[in-house]
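This report refers to the structure that appears directly beneath it.
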Amino acid sequence: MRDPVHKANRKVWRNGAFSEGARLIPEETALALTYNGGTYAVMMGTPEDLADFATGFSLSEGIVQSADEIETLDIVELDDGIELRMWLTPEKATLIAQRRRNIAGPTGCGLCGIDSITEAIRPAAIVPAGRSFSPREIMTAVAAVAPLQEINHQTRAVHAAAFWTPGRGIVALREDVGRHNALDKLAGALARDKVVTNEGMVVLTSRVSVEMVQKTAAIGA
Numbered sequence: 002m003r004d005p006v007h008k009a010n011r012k013v014w015r016n017g018a019f020s021e022g023a024r025l026i027p028e029e030t031a032l033a034l035t036y037n038g039g040t041y042a043v044m045m046g047t048p049e050d051l052a053d054f055a056t057g058f059s060l061s062e063g064i065v066q067s068a069d070e071i072e073t074l075d076i077v078e079l080d081d082g083i084e085l086r087m088w089l090t091p092e093k094a095t096l097i098a099q100r101r102r103n104i105a106g107p108t109g110c111g112l113c114g115i116d117s118i119t120e121a122i123r124p125a126a127i128v129p130a131g132r133s134f135s136p137r138e139i140m141t142a143v144a145a146v147a148p149l150q151e152i153n154h155q156t157r158a159v160h161a162a163a164f165w166t167p168g169r170g171i172v173a174l175r176e177d178v179g180r181h182n183a184l185d186k187l188a189g190a191l192a193r194d195k196v197v198t199n200e201g202m203v204v205l206t207s208r209v210s211v212e213m214v215q216k217t218a219a220i221g222a
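The opening position of the sequence shown corresponds to residue 2 in this note's numbering, with each subsequent residue numbered one higher.
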């Protein structure tokens with residue numbers, strides 16, 4: 002599988018002179034999400050934690066309501082990208098034909114390919130009342146994210162989404178060049194590990210737009 006980080010040559014113009022060197026940058030790869038043999042979407046993302054991404058994307062899109070509804074998930078590396086090949090339970094297969102997007106989504110695009118206003122502004126999931134958090138707890142959670150961003154430590158160029166609880170701190174953290182992808186990866190990680198989400202909070206390094214709220218509500222946090 003491709004490394005999520007690679008070295009690139011750089012030239013810097015500073016104080017009237019050029020300097021040359023190298024730096025680490027995040028890999029960005031075409032990720033095709035396919036269900037029951039058909040392509041649903043192609044996104045650009047970091048080739049890391051891809052099983053989590055495929056699961057989280059499926060949940061946040063409403064294609065499945067549980068990770069258990071994905072019967073098989075294969076990660077297939079191709080010459081020009083990576084295919085996340087999923088087969089769903091029979092009752093979910095018909096939903097794909099109705100909602101197939103067949104689009105290419107640039108990095109950080111949460112609504113690309115949506116073909117109706119209804120889909121774009123679909124109501125967020127109802128999140129049952131959980132616990133509330135003090136300002137001190139929120140700041141503690143925010144401060145805990147940066148030290149765990151391994152890819153960002155190398156590149157200074159990726160987003161992170163993390164899940165924090167008062168008793169355990171950061172339970173899971175995922176990174177990606179795209180903020181939506183990072184959140185989908187987190188959602189998938191939590192779902193696959195069957196983490197109870199109503200006792201914690203999601204912490205993001207990015208701005209919070211409407212589709213990020215929808216995705217977070219789908220997590221149940």
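Idealized CB from N, CA, C, for every residue including glycine. Predicted model, so just to flag it, every value in this text is computed and none were measured.
Is residue i close to chain D, meaning its C-beta is less than 7 Å from at least one C-beta of that chain?
i: Arg132; result: Note that chain D does not occur in the displayed structure, where there is just one protein chain.
Do residue i and residue j have their C-beta atoms closer together than 7 Å?
i: Leu45; j: Glu28; result: As written in the sequence, residue 45 is Met, which differs from the Leu given in the question. Going by C-beta atoms, Met45 is not nearer than 7 Å to Glu28.
i: Ala158; j: Ser61; result: no
i: Val204; j: Ala147; result: no
i: Ala161; j: Glu176; result: yes
i: Val43; j: Ala52; result: no
i: Thr156; j: Leu25; result: yes
i: Ile171; j: Leu191; result: no
i: Arg193; j: Ala94; result: no
i: Ala23; j: Asn10; result: yes
i: Lys228; j: Glu21; result: Residue 228 falls outside the range modelled here, since the chain spans only 2 to 222, and no answer is possible.
i: Ala18; j: Gly82; result: no
i: Ser207; j: Arg169; result: no
Out of the options, state which residue places its alpha-carbon closest to the alpha-carbon of residue i.
i: Lys186; options: Gly39, Ile26, Val77, Glu49; result: Glu49
i: Val209; options: Lys195, Leu184, Arg193, Asp194; result: Leu184
i: Gly63; options: His7, Lys195, Leu96, His181; result: Leu96
i: Thr217; options: Ala163, Pro167, Lys195; result: Ala163
i: Lys195; options: Met213, Ala173, Glu212; result: Ala173
What is the DSSP secondary structure of residue i, counted as helix, strand or coil?
i: Ala222; result: coil
i: Met44; result: strand
i: Asp194; result: coil
i: Val159; result: coil
i: Asn1; result: Because residue 1 is not part of the residues shown, which for the chain are 2 to 222, the question remains open.
i: Asn37; result: coil
i: Arg137; result: helix
i: Glu62; result: coil
For residue i, which residues of its own chain have a beta-carbon under 6 Å away from its beta-carbon, when the five flanking residues on both sides are left out?
i: Val178; result: Pro27, Glu29, Thr47, Thr108, Val159
i: Trp165; result: Ala142, Ile171, Gly201, Met202, Val204
Who are the near neighbours of residue i in its chain, counting only those whose CB is closer than 7 Å to its CB and skipping five residues on each side?
i: Asn153; result: Val159, Ala161, Glu176
i: Ile76; result: Leu51, Ala52, Ile83, Leu85
i: Phe134; result: Met202
Which same chain residues, not among the five before or five after residue i, have their C-beta less than 8 Å away from its C-beta?
i: Arg3; result: Glu28, Thr30, Pro48, Glu78, Ile83
Task: Segment contact flag, the stretch 82–90 with the stretch 54–65, C-beta cutoff 8 Å, min 3 pairs - done: Yes, the stretch 82–90 touches the stretch 54–65.
TODO: Tell me, please, whether the stretch 196–215 touches the stretch 128–137 by the rule of three or more beta-carbon pairs shorter than 8 Å.
DONE: yes
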